[in-house]
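Heads up, my numbering is the position in the sequence shown plus 38, with the first residue counted as 1. Built from N, CA and C at the ideal position, the CB exists for glycine as well. Because the structure is a prediction, the values reported are computed rather than measured. Only one structure is covered here, and it is reproduced in the block below.
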Amino acid sequence: MRSTADRIRHAVSFEIVGLLTATPLGSWAFGLEMHAIGVVALVVATVATLWNYAFNLCFDRAMMRWLGHTGKSVLLRIFHAVLFETGLLAISLPFIAWYLQIGLWTALMMDLGFAGFYLVYAFVYNWAYDLLFPIPAQLTTD
Numbered sequence: 039m040r041s042t043a044d045r046i047r048h049a050v051s052f053e054i055v056g057l058l059t060a061t062p063l064g065s066w067a068f069g070l071e072m073h074a075i076g077v078v079a080l081v082v083a084t085v086a087t088l089w090n091y092a093f094n095l096c097f098d099r100a101m102m103r104w105l106g107h108t109g110k111s112v113l114l115r116i117f118h119a120v121l122f123e124t125g126l127l128a129i130s131l132p133f134i135a136w137y138l139q140i141g142l143w144t145a146l147m148m149d150l151g152f153a154g155f156y157l158v159y160a161f162v163y164n165w166a167y168d169l170l171f172p173i174p175a176q177l178t179t180d
């Protein structure tokens, strides 16, 4: 399994790259000022960073318990990304609606747009991260 320092590097770098990409895209896609979308993105990214750390730690522990390793196949990576984004969606929806003073339906559509972006981003980022910073060989099946 990954060390605490590695998990922190992973979570923080994930959110920084994501913020730098999602904020201008979100501003353009939803027709909101960069400031408004930036605040939402920053708060959600902060929550997501904490969720990322906790979720990945629990996911890896579950993999070790059930599979005996932390290597992820493509199918398992897809499941991992979908499960992560579903949890984050449930956490972030009320904040988005409140801060932007929009209805829950509009907030849900906006959050789903971000979730779609982050779903693809999480899949690509995590795969690239694993290639750049591999898990020790004895714990993987990749």
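Given that a residue counts as buried once 16 or more other Cβ atoms are within 10 Å of its Cβ, and exposed if not, what is Asp-44?
Position 6 of the sequence shown, counting from 1, holds the residue named residue 44. Under this definition Asp-44 is an exposed residue.
If you draw a straight line from the C-alpha of Asp-180 to the C-alpha of Gly-109, how long is it?
On the sequence shown, position 142 is the one that residue 180 refers to. On the sequence shown, position 71 is the one that residue 109 refers to. For Asp-180, the predicted structure reports a pLDDT of 46, less than 50, and the residue's modelled location is therefore unreliable. A value from the coordinates is still provided. C-alpha separation (whole angstroms): 6 Å.
Leu-105 burial status per 10 Å Cβ neighbour count (16 or more: buried)
Residue numbering aside, residue 105 sits at position 67 when the sequence shown is read from its first letter. When all chains shown are included, Leu-105 counts as exposed.
CB-CB length for Phe-97 against Gly-125, believed under 8 Å
Position 59 of the sequence shown, counting from 1, holds the residue named residue 97. Position 87 of the sequence shown, counting from 1, holds the residue named residue 125. Incorrect: roughly 11 Å between the Cβ atoms, too far for contact.
Short of 6 Å in beta carbon distance, which residues of its chain neighbour Ser-65, apart from the five on each side in sequence? Order them along the chain.
Numbered from its first residue, the sequence shown carries residue 65 at position 27. These residues qualify, in order along the chain: Met-72, Ile-75.
For Leu-88 and Ala-49, what's the separation of their Cα atoms in angstroms?
The residue labelled residue 88 in the question sits at position 50 within the sequence shown. The residue labelled residue 49 in the question sits at position 11 within the sequence shown. Each residue's Cα considered, the two are about 8 Å apart.
Straight-line gap, Val-120 to Gly-141 (C-alpha atoms, nearest Å)
In the sequence shown, counting from the first residue as 1, residue 120 sits at position 82. In the sequence shown, counting from the first residue as 1, residue 141 sits at position 103. Between Val-120 and Gly-141, the C-alpha separation is close to 24 Å.
Let me check you understand the geometry: is the CB of Arg-45 closer than 7 Å to at least one non-hydrogen atom of the ligand SAM?
Absence of the ligand SAM from the depicted structure is noted, as is the absence of any ligand whatsoever, leaving it without description.
With distances taken between CB atoms, is the gap from Val-81 to Phe-122 smaller than 8 Å?
To locate residue 81, count along the sequence shown from 1; it is residue 43. To locate residue 122, count along the sequence shown from 1; it is residue 84. The answer is no: Cβ separation not under 8 Å.
Cβ distance (whole Å) where Phe-161 is taken to contact Ile-116 below 8 Å
As a first step, residue 161 is located in the sequence shown; it is residue number 123 there, counting from the start. As a first step, residue 116 is located in the sequence shown; it is residue number 78 there, counting from the start. So it is a contact: roughly 7 Å between Cβ atoms.
Look up Gly-109 in the DSSP assignment and say whether it is helix, strand or coil.
Taking the first residue of the sequence shown as 1, we reach residue 109 at position 71. If DSSP states are grouped into helix, strand and coil, Gly-109 belongs with coil.
Is the separation between the beta-carbon of Ile-46 and that of Val-85 shorter than 8 Å?
Position 8 of the sequence shown, counted from the first residue, corresponds to residue 46. Position 47 of the sequence shown, counted from the first residue, corresponds to residue 85. Going by C-beta atoms, Ile-46 is not nearer than 8 Å to Val-85.
Closest to Gly-69 by C-alpha separation, out of Asn-164, Trp-165, Tyr-167, Leu-138, would be which residue?
Working through the sequence shown from its first residue, we reach residue 69 at position 31. Ranking Asn-164, Trp-165, Tyr-167, Leu-138 by Cα distance to Gly-69 puts Leu-138 first.
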